[in-house]
Every structure is written in C-alpha cells, then in structure tokens.
Amino acid sequence: MPRLLIAAFALLLAGCGTAKPESLSNSGEPASAAPVAAERPSDADLQAKWWTWALSSPENRNPVVDDTGQWCAENQPKDMWFLAGTFGGEVERTCEVPAGRPIAAPAVNRYSANTSSCKSFMAAAKGSMTLDGQVVEVRRVEAVEITFQAARDNATGESAGRHTVQACGLWAWLPPLRAGEHELKIVGESGDFSTSATYRLKASAGD
C-alpha cells in the first residue's frame, strides 16, 4: 500500500521533496536560464504529468528514489524535464538535461483523495530552491483536481491505473538552462517530513 508522502518533490520527489501519498480508497528569471520563452502548463496539467512520471517506474530505477542521478532521464516527457526531491532525507544527484527543455520541480508536494489533507499539508509546507546560488521563485499551489496514470509495480505501491485526486505543493518552473554546468538545490518540509536534493546538472547543447 502507498505510504504517506512529499513532492520532491517529491518525492520523488519529495518527491521533489515528495512525501509519499496516503492510500486512496477508490480510486524573476535566474541568470543560468537561457533567454527562451516557455509556457508554463496549468497547475492541474503540471501536477498530473509529474505524478504520472513519478509513478511510472519501479523503486529500483525511480528518479525520486535515485540517490546518484543515474535515473534522471527515466520516462521524461518530451515537452519538459522533471526533477524531484526525495521521499524523505537528503541526496545528491548528477544529471544531464537537454538544454532546450523547461524544467519543473516541486520543493514539497503530495496528492490525496480529499482537499482537507492537502489543506493540512500546505499549512505546514515550506520550501526553497536555488539555481547557481540564485533564488528560484517557488509557487504555492493549493489543492486542485488532477488525473494521473500509475504504472504497475511503481515506487509508492499505488495501484496501477488512472487516479483522480487532489494535488498540491510548492512548485518551481524554469525556462531551459544555458548549455553548461549548473547546480540546483531543492529543500522542502511539511510537519515531520523533510527533503533535500542537490542536483549537479549538465545542460546539453540541444534537445
């Protein structure tokens, strides 16, 4: 059964910090960013895609559980690049990121069968991100309905198939990085859950 999450951030994260989900009954621009306009998806679409990504891999190759960065590219969507915190604890990852894609990541996040759980989670939620030492804007997203797809044998133990839930968290959206090396730090907490992920990113010259 799935355990209580975050969302990075999540998972994976927290992630991500990402606290693991509870059981469902039924189911201004940093200098490191390239000067490329990137349209941010809606809160619902962003979270639905991230949770589908986070629950698309088993634990032994899941990017939210990953403690080195070797699974960063696992099941990434074509139009953006997801990063995550952890399902709790600290981690350092080294990843290669396509320079042409915007990046999305939660400082902390979760989903629940009801809005009250998200409300309690967000009341205690704190998080921050820095890219190459510069503060990244982290946006507060209160409960919004999403539908995501969970794969069989996913990292949280969620049942396979489509789930319609309430999702919330602290989210960052970054335009594509300039080619080269960067450091992104993600820190988040809510109640007794905390997560920290340091990414050493190498942005390639193209997608």
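Residues -19 to -1, 1 to 188, numbered by mature numbering (1 follows the signal peptide of the UniProt record, and there is no 0), are exactly what the sequence shown covers, in order.
Backbone N, C-alpha and C define an ideal beta-carbon position, used for all residues, glycine too.
Which same chain residues end up closer than 6 angstroms to residue i when comparing Cβ atoms and leaving out the 5 residues on each side of it in sequence?
i: proline 39; result: Asp134
i: glycine 142; result: none
i: glutamate 162; result: Lys183
Just confirm the distance between the C-beta atoms of residue i and residue j, as a whole number of angstroms; I'd bet it's less than 8 angstroms.
i: leucine 151; j: leucine 165; result: At roughly 15 angstroms, the Cβ-Cβ gap does not stay under 8 angstroms, so leucine 151 and leucine 165 are not in contact.
i: alanine 136; j: leucine 36; result: 7 angstroms
i: alanine 94; j: valine 146; result: 6 angstroms
i: glycine 169; j: glycine 69; result: That belief does not hold up - the Cβ atoms of glycine 169 and glycine 69 are roughly 11 angstroms apart, past 8 angstroms.
Using CA coordinates, which residue listed in the options is at the minimum distance from residue i?
i: aspartate 48; options: Arg143, Glu71, Arg121, Pro58; result: Glu71
i: serine 97; options: Ser177, Thr176, Cys149; result: Cys149
i: threonine 176; options: Arg91, Pro83, Ala132; result: Arg91
According to DSSP, which residues form a beta bridge with residue i?
i: cysteine 76; result: Leu182
i: methionine 110; result: Val117, Ile167
i: proline 87; result: Trp152
i: alanine 131; result: Gly142
Go through its chain and collect everything with a Cβ distance to residue i's Cβ below 7 angstroms, but skip five positions before and after it.
i: glutamate 20; result: none
What does a CB cutoff of less than 8 angstroms around residue i pick up in its chain, not counting 5 residues either side in sequence?
i: glutamine 57; result: Trp34, Phe63
i: serine 185; result: Glu77, Val78, Pro79, Ala80, Ala160
Would you mind reading off the limits of the alpha helix (DSSP H) that contains residue i?
i: tryptophan 52; result: Here tryptophan 52 belongs to no alpha helix (DSSP H), and DSSP marks it neither H nor E.
i: aspartate 26; result: 24 to 35
i: phenylalanine 102; result: 96 to 104
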